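*Asks:* Just so you know, the protein sequences line up as chains A and B, in that order. My numbering applies: residue 1 is where the first sequence begins, and numbers increase by one. My numbering applies: residue 1001 is where the second sequence begins, and numbers increase by one.
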Amino acid sequence: MDVPVLKQGHFLIATVQSALTDADLAQLRRSLVEQVGKFRSRGVIVDVTAVDVLDSFACRTLRDIAHMAGFRGAETVIVGIHPELAFTMVQLGLSLEGVATALDLEEGLAYLQERTTPAARKSSPLATRGAGRGPVSRGQR
Amino acid sequence: MPTRGTPTPNISTATATATAEAASTLLRELVAHLRQNRTQLREEWARRITEAELLTAMTKEEIFAEATSVYDNYVEALETGTFEALQAYARNLSERIIPRGVETHEVVGIVLLLRDVLARSLFAKYQTDFTKLNRILDAYEPAANRIANTVAVGFVQERERIIREQQEAIRELSTPVLQVRERLLILPIIGVIDPQRARQLTEQLLRGIRTNRAKVVVIDITGVAAMDATVANHLVQTVEASRLLGATVIVTGLSPEIAQTLVTIGVDLGKMTTVGDLQGGIEEAERLLGYKVVPFVEGAVEA
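#1: Name the residue from V53/A, R42/A, F87/A, I81/A whose alpha carbon lies nearest to the alpha carbon of F71/A.
#2: Which residue's Cα is closest to the Cα of T1252/B: T1264/B, D1268/B, G1276/B?
#3: Can you tell me which residues form a DSSP beta bridge with P1188/B?
#4: Please work out which residues of its chain come closer than 7 Å, Cβ to Cβ, to L1055/B, disregarding the five sequence neighbours upstream and downstream, and give them in chain order.
#5: Quick one: grab the DSSP three-state call for D1072/B.
#6: Using only the alpha-carbon positions, how far apart do L1244/B and E1165/B sit?
#7: Confirm, please, whether the CB-CB distance from T61/A to I81/A is below 9 Å.
#8: Assuming L1133/B and L1122/B make a contact with CB atoms under 8 Å, what is their CB distance in whole Å?
#9: Rounded to whole angstroms, what's the CA-CA distance from L54/A to V90/A? Just pull it up for me.
#10: Would you list, in chain order, the members of the stretch 1238-1260 of chain B that have their beta-carbon closer than 7 Å to a beta-carbon of chain A?
#11: Report all residues from its chain with a CB closer than 6 Å to the CB of T1222/B; omit the five preceding and five following residues, and keep chain order.
#12: Based on the DSSP secondary-structure assignment, which residues constitute the bridge partners of Q1204/B?
#13: For the candidate residues S31/A, L103/A, L92/A, D64/A, whose alpha-carbon lies nearest to that of L12/A?
#14: When you compare the CB positions of V1217/B and L1184/B, do they come within less than 9 Å of one another, or not?
#15: Where in the stretch 1098-1143 of chain B do unbroken runs of the alpha helix (DSSP H), each at least 4 residues long, occur, reported from the N-terminal end onward?
#16: At 9 Å on the CB atoms, spell out the chain A contacts of F1206/B, in chain order.
#17: Which same chain residues end up closer than 8 Å to Q1237/B when comparing Cβ atoms and leaving out the 5 residues on each side of it in sequence?
#18: Using only alpha-carbon positions, find the residue among V5/A, E75/A, E84/A that is nearest to Q111/A.
#19: What residue ranges within the stretch 1239-1281 of chain B form continuous beta strand (DSSP E) runs of no fewer than 3 residues, ordered along the chain?
#20: Between L92/A, G93/A, A58/A, T88/A, which lies nearest to I78/A when the distance is taken from Cα to Cα?
#21: Please report the distance separating the alpha-carbon of T15/A from that of V48/A.
#22: Report the partner residues of I1181/B according to the DSSP bridge assignment.
#23: So, under 8 Å CB-CB, L103/A and R1181/B are touching, yes? Tell me the CB distance rounded to an integer number of Å.
#24: Does the Cβ of V1294/B have 16 or more other Cβ atoms within 10 Å, making it buried, or fewer, making it exposed?
#25: Could you give the DSSP three-state label for E1160/B: helix, strand or coil?
#26: List, from N- to C-terminal side, the beta strand (DSSP E) runs of 3 residues or more that fit wholly inside the stretch 9-53 of chain A.
#27: Going by DSSP, what residue range makes up the alpha helix (DSSP H) through A1046/B?
#28: Distance, Cα to Cα, Q1127/B vs R1028/B?
#29: Could you tell me the distance, in whole angstroms, from the CA atom of A948/B to the CA atom of E1021/B?
#30: So, is the C-beta of E1203/B closer than 9 Å to a C-beta in chain A?
#31: Exposed or buried, R1120/B, counting other C-beta atoms within 10 Å across all chains shown (16 or more means buried)?
#32: Could you check whether the Cβ of E75/A sits closer than 9 Å to any Cβ belonging to chain B?
#33: So the candidates are V1156/B, K1292/B, E1284/B, A1232/B; which of them puts its Cα closest to the Cα of V1267/B?
#34: Chain A partners of R1213/B, CB-CB under 7 Å?
#35: Is the shortest distance between the beta-carbon of R1042/B and the beta-carbons of chain A less than 9 Å?
#36: Could you have a look at L94/A and say whether DSSP puts it in helix, strand or coil?
The following block contains the structure:
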């Protein structure tokens, strides 16, 4: 099943609506990374609210998307991980290290807003959350 | 041999019906007897309850009032053979008397006393006709046993329900998730954390993050003297899971023993923010959220 990717200003929003096969995940990764360049996006949000299970491949793909988009100049946030899912993921050792996460779409947008507005970047301490974890290219900007 | 086989069940059915009819006639007679002697038997029963020092938490009047209700329900259950009304009454009675400290043996005791009182009155009535007495008792015993059973089980179930509720309440109380400021939660943990409590704690915390839309959580474990490696690991996992929900966790008040455990199991310090005490933790959380606490100076003009 294809994941719809919406463009919202400088950001791309991909809403995963059902369990994805490995092929779907690869397709999502390809299309997101392509569109980051095409639309000159500054941020990517992957919304997994509707997802009950994330396996290791899915986690790795999400991490890859974040890093690849980072290399192409966009910050990635994974939003909407359920509490139960979060703990299961951690127990399985899939903690999405180096990837920013937020509670829901709204939070994710707020986070990207803060990260990509130069003025806000200095004044709001929370915006630096995840620094050091994130892709290098981003940090050196 | 169907032709010969057929009549036999008919006869036995007929016999069964006849027996059932006889039994129900006897039961009717029995119920009539209990109705007639209601006042006297009730008084006798209440007297024996007091004598046996059961239901000491209740006054004489209360015992008599309850005895009357139980008696009437009892007779009704005997008459109709249905136990729903009695069951409901037993549950209701239990609900009222359990908080007053009535024990299981007292409830079982009073029901058995009633059974005894009624059986004695039957003996007295039919002592001249031994066959009849036997048949009356045959009809009475199973029903009386079932009634005693129903009441006792109802009482025990009610007690168990109350215990479960209290356990639930204690569990909820023992790990409060408190909101101190917009988007800032505090989770003070006191006492011993076993794996089961740790799991429940995590669930509550993650749910709390979601409902309060928390950005920062301070977990204060000043009140926890030590934890084993399993629980320490669980704590680390909780911190990481909270991050997946978009919240930063600050752990405060680690005792030397717990610090030792964390070092022993090799927890990566980069994964966990720790601050010495709760005060420092809250200050750090406020800083992360962009709050600044300044002393209030009397008379100062606000800028």
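Even for Gly, the Cβ is constructed at its ideal location relative to N, Cα and C. This structure is a prediction, so every number in the text was calculated from the model and none was measured.
*Replies:* Taking the geometry as given:
#1: Position 71 of the first sequence, counted from the start, is the residue given in the question as residue 71/A. Answer by Cα proximity: R42/A.
#2: As a first step, residue 1252/B must be located in the second sequence, where it is residue number 252. Taking only the C-alpha atoms, the option nearest T1252/B is G1276/B.
#3: Taking the second sequence and counting its residues from 1, the one referred to as residue 1188/B is at position 188. In DSSP, P1188/B forms a bridge with D1220/B.
#4: Within the second sequence, the letter at position 55 stands for residue 1055/B. Closer than 7 Å at Cβ, skipping near neighbours: I1049, I1063, V1102, E1106, I1110.
#5: Residue numbering aside, residue 1072/B sits at position 72 when the second sequence is read from its first letter. D1072/B: helix per DSSP, three-state reduction.
#6: Here residue 1244/B corresponds to residue number 244 of the second sequence, with the count starting at 1. Here residue 1165/B corresponds to residue number 165 of the second sequence, with the count starting at 1. Going by the C-alpha atoms only, they are around 33 Å apart.
#7: Within the first sequence, the letter at position 81 stands for residue 81/A. Within the first sequence, the letter at position 61 stands for residue 61/A. For I81/A and T61/A, no; Cβs fall outside 9 Å.
#8: For this step, residue 1133/B is matched to residue 133 along the second sequence. For this step, residue 1122/B is matched to residue 122 along the second sequence. At roughly 7 Å, the Cβ-Cβ gap stays under 8 Å, so L1133/B and L1122/B are in contact.
#9: On the first sequence, position 54 is the one that residue 54/A refers to. On the first sequence, position 90 is the one that residue 90/A refers to. So the two alpha carbons sit approximately 11 Å from each other.
#10: E1240, A1241, R1243, L1244, L1245, G1246, T1248
#11: As a position in the second sequence, residue 1222/B is number 222, starting the count at 1. G1253, listed in sequence order.
#12: Taking the first residue of the second sequence as 1, we reach residue 1204/B at position 204. Paired residues: none, contrary to the question.
#13: Position 12 of the first sequence, counted from the start, is the residue given in the question as residue 12/A. With distances taken between Cα atoms, L12/A lies closest to S31/A.
#14: Within the second sequence, the letter at position 217 stands for residue 1217/B. Within the second sequence, the letter at position 184 stands for residue 1184/B. Yes, they are a contact pair.
#15: 1104-1126
#16: Along the second sequence, read from residue 1 onward, the residue named residue 1206/B stands at position 206. Going by the sequence as given, residue 1206/B is Leu instead of Phe. Within 9 Å Cβ-Cβ: H82, P83, E84, A86, F87.
#17: Stepping through the second sequence from its first residue, residue 1237/B is reached at position 237. Within the same chain, Q1237/B has close Cβ partners T1202.
#18: Position 111 of the first sequence, counting from 1, holds the residue named residue 111/A. Checking the sequence shown, residue 111/A turns out to be Tyr, not Gln. That would be E75/A, whose Cα lies nearest to the Cα of Y111/A.
#19: 1248-1252, 1273-1275
#20: Position 78 of the first sequence holds residue 78/A. Comparing Cα positions, the closest option is A58/A.
#21: Locating residue 15/A in the first sequence gives position 15, counting from the first residue. Locating residue 48/A in the first sequence gives position 48, counting from the first residue. Taking the straight line joining both Cα atoms gives about 7 Å.
#22: As a first step, residue 1181/B is located in the second sequence; it is residue number 181 there, counting from the start. Residue 1181/B is actually Arg in this sequence, not Ile. For R1181/B, which the question treats as bridged, DSSP gives the partners L1184/B.
#23: Here residue 103/A corresponds to residue number 103 of the first sequence, with the count starting at 1. Here residue 1181/B corresponds to residue number 181 of the second sequence, with the count starting at 1. Contact flag wrong, Cβ pair sits at about 17 Å.
#24: Position 294 of the second sequence, counted from the start, is the residue given in the question as residue 1294/B. Counting Cβ neighbours within 10 Å, V1294/B comes out exposed, since fewer than 16 surround it.
#25: By 1-based counting over the second sequence, the position of residue 1160/B is 160. Reduced to three states, the DSSP call for E1160/B is helix.
#26: 11-15, 43-47
#27: Against the second sequence, residue 1046/B aligns to sequence position 46. Run containing A1046/B: 1038-1051, per the alpha helix (DSSP H) assignment.
#28: Position 127 of the second sequence, counted from the first residue, corresponds to residue 1127/B. Position 28 of the second sequence, counted from the first residue, corresponds to residue 1028/B. Going from the Cα of Q1127/B to the Cα of R1028/B covers about 19 Å.
#29: Residue numbering for chain B in the displayed model covers 1001 to 1303; residue 948/B lies beyond these limits and cannot be assessed.
#30: Along the second sequence, read from residue 1 onward, the residue named residue 1203/B stands at position 203. By this cut-off, E1203/B is an interface position.
#31: In the second sequence, the residue the question calls residue 1120/B occupies position 120. Classification for R1120/B: exposed.
#32: Working through the first sequence from its first residue, we reach residue 75/A at position 75. Output row for E75/A: interface = no.
#33: Taking the second sequence and counting its residues from 1, one reaches residue 1267/B at position 267. Of V1156/B, K1292/B, E1284/B, A1232/B, the residue nearest in Cα terms is A1232/B.
#34: Within the second sequence, residue 1213/B is the residue found at index 213, counting from 1. By Cβ distance, chain A contributes L103.
#35: For the purposes of this step, residue 1042/B is identified with residue 42 of the second sequence, where counting begins at 1. Answer no: the Cβ-Cβ gap between R1042/B and chain A never drops below 9 Å.
#36: On the first sequence, residue 94/A is found 94 positions in, with the first residue counted as 1. Of the three classes helix, strand and coil, the one that applies to L94/A here is coil, per DSSP.
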